[in-house]
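**Student:** What follows is a structure written as structure tokens; I'll ask about it next.
Written out as structure tokens, the structure reads:
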């Protein structure tokens, strides 16, 4: 019987851990996967799979870098899905389709979606790596160290890619978006 | 401190990514230079546009998806969870159970007749062995055989080399096939994950005979005087096929955004040869790359690299290449045999190309080796490994490859 109590305790902690992870990272991961895939349904599948994989991990090994772990798994899975979805379409041709938001007011949602799509068309003109690190930095607010853990790129490379990506965006962004 | 207005340090400073001492020095430089102040204003403006506009609408998972995650959280538990990832069904098969039952009946009958039970035991073993030889059978019980573990230094996994900084990597050739024996002994006989120092990916690759289906180049030695017109000669000149270089590329299983370059070098029949091989990265298309395995021999360290290729011997190598885009020119392999320059092999990756069976098997070996060595922790998951192995599993798989799948299957228990 003591063993049963131990297992229940363990399961309870596991469920609590997953609940907290869902609470903190569900929406950011969905936003990130949606940005990569331009498809909310596919993004939801990817995020669901990411959390199911989390359930199968030894939490003691993951919890110290949970955020980076989740984004790494989500990113790899999303890129995998993207390639399977359209093998002939290079990543440069990501389509920045508008993604409806059930929780927002129609006007607010349309404005946000329009801005997102407009900026996306310019981000699509960057290199894959530039776009990748810029999304992680400015959409998800990750540090260079966290981006390093997710992409495997060195901090120096990340700094250079963000710097050159911002420079390119300054050149191509229209004044109305810039101001 | 003098800083150029186009220095990435300025961006890192604006984004708060510098250490306090570095940030202070950059701040002083900015205070003293109007050009830098203007650049800071520009970067801040672009940062504001991005943070305001790049945010997608807030979304959540659907209720049934959340519930599925919660169900997984409830049911996931150590050993039971790992058992679901096994490649082979470890439950007793019906045929096996029937054979066991038949054997018991035979033994019982013989006992009744007053005969020796011992004479029937081999029949039971034979039935078990037949079952074990099937692909979908339980993992056979291995007989413990002590295998000497090579005395090797602690592993230090190869780091990535940035193509712009290190565009050329000379490749080492020496690799035996010993590591797989030690890995197998640890997993199958000792029942534990092998020590990291015995996991040598290059040796595991070299344990198998693999032929890649991409570009191939042949080097001919100095004795090669053969010509098609000589084919009718009674004593044709010796054909000096010195070495063959074959390559193939496929998406890296644990990181699909990167390309796995597989290289096979085969020695000719004439004798041992000195082969120098180097990867020249295309700096326009390749961000970074790394040679898998070959620890502690870091290719970029100056010194003498092993270059001897035995007659009819094989050496396999794997390089993980991270390109800027999924397909395109990734560089060239340049090589020479006994100081004679051989035809270079251009490396062009087509993302829609179907990999050969041998390339997929090599990718599985790489995944298993890197997983055992603890590389790309949490990226190479046991699920990924099991999935790859399942894809390769077939009834016509060669014996050594089927054994390798059983090895992976058993390793997933740990």
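Chains as they are written, first to last, in my numbering: chain A, 1 to 179; chain B, 1001 to 1414.
Built from N, CA and C at the ideal position, the CB exists for glycine as well.
For clarity, every value in this text was computed on a predicted model and none was experimentally measured.
Whose C-alpha, out of B:1214, B:1182, B:1216, is nearest the C-alpha of residue 1200 (chain B)?
**Tutor:** Measuring from the Cα of residue 1200 (chain B), the nearest candidate turns out to be B:1182.
**Student:** Quick test of your reading: residue 134 (chain A) and residue 78 (chain A), contact by CB under 8 Å. State the CB separation rounded to the nearest angstrom.
**Tutor:** Actually they do not touch by this definition, with Cβ atoms about 16 Å apart.
**Student:** Is there contact between the region 1261-1276 of chain B and the region 1310-1328 of chain B, where contact requires at least three CB pairs shorter than 8 Å?
**Tutor:** A contact exists between the region 1261-1276 of chain B and the region 1310-1328 of chain B.
**Student:** Report the residues of the region 1050-1061 of chain B with a CB closer than 8 Å to any CB of chain A, ordered along the chain.
**Tutor:** Under the 8 Å Cβ criterion, the region 1050-1061 of chain B contributes 1050, 1051, 1052, 1053, 1054, 1055, 1056, 1057, 1058, 1059, 1060, 1061.
**Student:** Answer yes or no: do residue 162 (chain A) and residue 1068 (chain B) have a C-beta to C-beta separation smaller than 9 Å?
**Tutor:** No, the Cβ-Cβ distance between residue 162 (chain A) and residue 1068 (chain B) is not below 9 Å.
**Student:** Between which two residues does the beta strand (DSSP E) holding residue 1051 (chain B) run?
**Tutor:** It is not in any beta strand (DSSP E) - residue 1051 (chain B) instead sits in the alpha helix (DSSP H) that spans 1034-1053.
**Student:** Would you please verify whether the beta carbon of residue 1046 (chain B) is less than 9 Å from any beta carbon of chain A?
**Tutor:** Output row for residue 1046 (chain B): interface = yes.
**Student:** Under the rule that 16 or more other beta-carbon atoms within 10 Å means buried, what is residue 1312 (chain B), buried or exposed?
**Tutor:** It counts as exposed.
**Student:** Of the residues that make up the region 44-64 of chain A, which ones have a beta carbon closer than 9 Å to any beta carbon in chain B?
**Tutor:** If the cut-off is 9 Å between Cβ atoms, the region 44-64 of chain A has 44, 45, 47, 48, 51, 52, 53, 54, 55, 56, 57, 58, 61, 62 near chain B.
**Student:** Check whether chain B comes within 9 Å of residue 125 (chain A), counting only Cβ atoms and requiring the distance to be less than that.
**Tutor:** Not an interface residue.
**Student:** Using DSSP's beta-bridge definition, name the partner residues of residue 1286 (chain B).
**Tutor:** Beta-bridge pairing links residue 1286 (chain B) to B:1323.
**Student:** Does the beta-carbon distance from residue 1192 (chain B) to residue 1404 (chain B) come in below 9 Å?
**Tutor:** Contact flag unset, no.
**Student:** What's the C-alpha gap between residue 1258 (chain B) and residue 1251 (chain B)?
**Tutor:** One C-alpha to the other measures close to 6 Å.
**Student:** Have a look at residue 154 (chain A) and residue 137 (chain A) and give me their C-alpha separation to the nearest angstrom.
**Tutor:** Roughly 14 Å separates the two Cα atoms.
**Student:** If I follow the unbroken alpha helix (DSSP H) through residue 1398 (chain B), where does it start and stop?
**Tutor:** Here residue 1398 (chain B) belongs to no alpha helix (DSSP H), and DSSP marks it neither H nor E.
**Student:** Determine whether the beta carbon atoms of residue 1065 (chain B) and residue 115 (chain A) lie at a separation below 9 Å.
**Tutor:** The answer is no: Cβ separation not under 9 Å.
**Student:** Could you name the residues that DSSP lists as bridge partners for residue 1278 (chain B)?
**Tutor:** Answer is B:1170, B:1334.
**Student:** Using CA coordinates, which residue listed in A:71, A:169, A:22, A:62 is at the minimum distance from residue 119 (chain A)?
**Tutor:** Considering only alpha carbons, the answer is A:169.
**Student:** By how many angstroms is the C-alpha of residue 1294 (chain B) removed from the C-alpha of residue 1276 (chain B)?
**Tutor:** In a straight line, the C-alpha of residue 1276 (chain B) is about 16 Å away from that of residue 1294 (chain B).
**Student:** Does DSSP put residue 148 (chain A) in a helix, a strand or coil?
**Tutor:** It is helical.
**Student:** Taking residue 1174 (chain B) as the reference, give the member of B:1202, B:1051, B:1029 with the closest Cα.
**Tutor:** Checked all of B:1202, B:1051, B:1029; the closest Cα to residue 1174 (chain B) is B:1202.
**Student:** Of the residues A:22, A:16, A:175, A:68, which one's Cα is nearest the Cα of residue 148 (chain A)?
**Tutor:** Closest by alpha carbon: A:68.
**Student:** List, in chain order, every chain B residue whose beta-carbon is nearer than 8 Å to that of residue 25 (chain A).
**Tutor:** By Cβ distance, chain B contributes nothing, its closest Cβ being about 11 Å from residue 25 (chain A), past 8 Å.
**Student:** Let me know the secondary structure DSSP gives residue 1360 (chain B) once reduced to three states.
**Tutor:** Three-state result, residue 1360 (chain B): helix.
**Student:** Which residues share a DSSP beta bridge with residue 1315 (chain B)?
**Tutor:** DSSP output for residue 1315 (chain B) lists B:1265 as bridge partner(s).
**Student:** At the 9 Å Cβ level, is residue 1408 (chain B) part of the contact set with chain A, yes or no?
**Tutor:** Cβ-Cβ to chain A under 9 Å: no for residue 1408 (chain B).
**Student:** Leaving out five residues before and five after residue 176 (chain A) in sequence, what residues of the same chain have Cβ atoms less than 8 Å from its Cβ?
**Tutor:** If we look at residue 176 (chain A) and ignore the five residues flanking it on each side, it has no Cβ neighbours.
**Student:** Please classify residue 1256 (chain B): does DSSP put it in a helix, a strand, or coil?
**Tutor:** Residue state, collapsed to three classes: strand.
**Student:** Counting only Cβ pairs nearer than 8 Å, list the residues of chain A close to residue 1256 (chain B).
**Tutor:** In chain order: 76, 79, 80, 83.
**Student:** What does the alpha-carbon distance come out to for the pair residue 1305 (chain B) and residue 1035 (chain B)?
**Tutor:** Between residue 1305 (chain B) and residue 1035 (chain B), the C-alpha separation is close to 49 Å.
**Student:** Does the beta-carbon of residue 172 (chain A) have 16 or more other beta-carbons within 10 angstroms, so that it is buried, or is it exposed?
**Tutor:** By the neighbour-count rule (16 or more Cβ atoms within 10 Å), residue 172 (chain A) is not buried but exposed.
**Student:** Mapping DSSP to helix, strand and coil, what is residue 1307 (chain B)?
**Tutor:** Note: residue 1307 (chain B) maps to coil in three-state DSSP.
**Student:** Going by beta carbon distance, what residues of the same chain come within less than 6 Å of residue 1268 (chain B), once the five residues before and after it are set aside?
**Tutor:** Excluding residues within five positions, the ones whose Cβ falls inside 6 Å are 1241, 1242, 1243.
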